[in-house]
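Protein chains: 2
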Amino acid sequence: MAHSLETVLGEAVALLDEGGEPALTFRALAARLGGGAASIYWYVANRDELLDRATDEVMGHLLEHTADLGEGPDPVANLRALSLALFDEMRRRPWFGSYMLRNTGLQPNSMLMFDRIGQQLMRLDLTPKQRFHAASSLVSYIVGIAADMAQPPPKEFLDSGLEPAAFLELYADRWRALDPGHYPFAHHVADEFARHDDEDVFRSGLDLLLAGIQAQAAGRRPAHGARVEA
Amino acid sequence: MAHSLETVLGEAVALLDEGGEPALTFRALAARLGGGAASIYWYVANRDELLDRATDEVMGHLLEHTADLGEGPDPVANLRALSLALFDEMRRRPWFGSYMLRNTGLQPNSMLMFDRIGQQLMRLDLTPKQRFHAASSLVSYIVGIAADMAQPPPKEFLDSGLEPAAFLELYADRWRALDPGHYPFAHHVADEFARHDDEDVFRSGLDLLLAGIQAQAAGRRPAHGARVEA
DNA sequence: TCGACCATCGAACGCTGTTCGATGACTCCG
DNA sequence: CGGAGTCATCGAACAGCGTTCGATGGTCGA
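Protein chains in written order, with the UniProt record's numbering: chain A, 1 to 230; chain B, 1 to 230.
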């Protein structure tokens, strides 16, 4: 069968989309491509490189689709838009976030995304060190949220067949069942947890970071227009 | 051979400390315990549960060693101290962070740590929703940094035998070799990257978040004593 | 003394990533 | 036209993995 690096990566991404990281198997991928598992090694040195290239592939597409997101007048708004685009992609592909930050040197598109974030920070009045720290913190935060959402739903959920909201409520009940003496906070926020929306949580922490960055740029004066609510 | 859940988890943690997650093998663990691999299944249902319990084990020890870290007068300072304790543990055990947030229901100690963070937030003048968002954001950020540090050093490094600082400089050179037109930010912060210290970066983002939280508590007035520099 | 339960064991199964040598197709050069 | 050589693919095999199973002996209470 006639393959090509593109078709290999394309099918690899499809496999990842369908079953997550454990579903990406050389044999399963070979079956899709209509050939033997050994053939894949012609295009890729090992499974790690396959994963790297697959994630960089989707990062490349994401960069294309968001090419215009850095051109707004407000750099902070651009950072928010860029971060939300990453969040959307991670919601679509839970496996994606997990491999986002292993910049093993290859992964040029991940590096490009990092640079895009940094370019917005260069438009703010910050020191290079502040900019480097800000970019790193933003990426780490995004990846942290990604790792959270990448957790596969416990099989209790898959078995129960409940709606996500109902399952969340069931989970909140488990919080409420804890000993209030040892877990006062769990009780305090059980309701919030039951009703929470992942994107709200993401936006909230993101805005904390962005407000802090903007405050730095404004020279410690209170930031204008920075959303610190919610 | 006579095992016990404690010795099993203890040796599992030792194995993880020595070789990271891939080193934790049922056969390797059995060899350490002086028995067969199948015996481990008496104490643990499968490898996932073994990992969960092992991480919860070290989280338990961490909770003990930091039991006094929530008693300071300033909740924000307590949050910083708690976060730094987690950071230290992740630096000591790179594998630890990766498994910190899979709260599959078991993992009572991870839940306890989450609650401890929340308890400090309960001392701040925030809405329950704000507190839930703040706790989630803090944990996500910490985990994101953890994921970053959990990346095994590329084998180029292990082969070269260079000092970490020298290797970092070599990496920075690679940034400097990129096309400045496509990667302006990489050039802009290459020096910072070469000299950066992981803990500084962590503290920086952490302070952004904490400053934002404190600003929320202060009702949008500029926060007192929140470190926004660096 | 007998049965029940606890803890452990060796052997095996099915799966994984990966390697190797062979095999055919295709291109280029004399 | 013919042979050399690279390209791409293949089947088979290897070592390792998590996991299961049935058997085995040890320990305890009745």
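Where a beta carbon is used, it is the ideal one built from N, C-alpha and C, also for glycine. Note that this is a predicted model, so its numbers are computed, not measured.
Cross-chain neighbours of residue i in chain B, by beta carbon under 8 Å
i: Y183/A; result: M111, L112 and D115
Anticipated Cβ contact below 8 Å, residue i with residue j, distance rounded
i: P108/A; j: D56/A; result: 7 Å
i: L15/B; j: L24/B; result: 5 Å
i: F132/A; j: E199/B; result: Actually they do not touch by this definition, with Cβ atoms about 14 Å apart.
i: A12/A; j: A54/A; result: 5 Å
i: V143/A; j: L101/A; result: 5 Å
i: G35/A; j: H3/A; result: 7 Å
Own chain partners of residue i with C-beta closer than 6 Å, once the 5 adjacent residues on each side are dropped
i: A81/A; result: L69
i: F26/A; result: A37 and I40
i: G60/A; result: N109
i: P222/B; result: Caution is warranted here: a pLDDT of 47 is assigned to P222/B, below 50, making its placement in the model unreliable, and the coordinate value is therefore given only provisionally. Same-chain partners within the cutoff: there are none.
i: F87/A; result: F202
i: G161/B; result: none
i: G118/B; result: A135
Test: residue i CB closer than 9 Å to a CB of chain A
i: A85/B; result: no
i: Q107/B; result: no
i: G70/B; result: no
i: L208/B; result: yes
i: L178/B; result: yes
i: G36/B; result: no
i: A230/B; result: Note that A230/B scores 42 on pLDDT, short of 50, meaning its location in the model is unreliable and no value can be drawn from it.
i: M90/B; result: no
i: G161/B; result: no
i: G118/B; result: yes
i: T55/B; result: no
Neighbouring residues, chain A, relative to residue i (Cβ below 7 Å)
i: Q214/B; result: Per Cβ cutoff of 7 Å: no residues; Q214/B is ~10 Å from chain A at best.
Cβ-based neighbour list, residue i, same chain, cut-off 7 Å, excluding 5 preceding and 5 following
i: L63/B; result: N109, L112 and M113
i: G20/B; result: P94, W95 and P152
i: N78/A; result: L69, G70, G72 and Q120
i: R116/B; result: G70 and L82
i: T127/A; result: none
i: F157/B; result: F167
i: A217/B; result: L124, D125 and L126
i: L210/A; result: V76, L79, R80 and A226
Interface flag, residue i vs chain B, CB-CB below 9 Å
i: V189/A; result: yes
i: Y141/A; result: yes
i: A211/A; result: yes
i: S98/A; result: yes
i: L121/A; result: yes
Closer than 9 Å at the beta carbon, the chain B residues around residue i
i: R131/A; result: F185, H188, V189 and E192
i: H196/A; result: K129, F132, H133 and S136
i: V76/A; result: Residues of chain B passing the Cβ test: none, with the nearest at roughly 13 Å.
i: V201/A; result: F132, H133, S136, S137 and S140
Contacts of residue i in chain A (Cβ-Cβ under 8 Å)
i: G10/B; result: Going along chain A, no residue has its Cβ under 8 Å from G10/B, so there is no contact; the nearest lies around 25 Å.
Residue i: contacting residues in chain A (beta-carbon distance under 9 Å)
i: L101/B; result: G144, A147, D148 and Q151
Proximal chain B residues relative to residue i, where beta-carbon distance stays under 7 Å
i: S204/A; result: H133 and S137
Beta-carbon proximity list for residue i, same chain, < 8 Å, skipping 5 on both sides
i: H187/A; result: W175, R176, L178 and P180
### Task
Please determine if the region 4 to 17 of chain A and the region 33 to 47 of chain A are in contact, where contact requires at least 3 C-beta pairs separated by less than 8 Å.
yes
### Task
Decide if the region 168 to 187 of chain A is in contact with the region 161 to 178 of chain B; the criterion is three or more beta carbon pairs, one per stretch, under 8 Å apart.
no
### Message
Measuring CB atoms only, is the region 142 to 162 of chain A touching the region 135 to 149 of chain B, in the sense that at least three cross pairs come out at less than 8 Å?
### Response
yes
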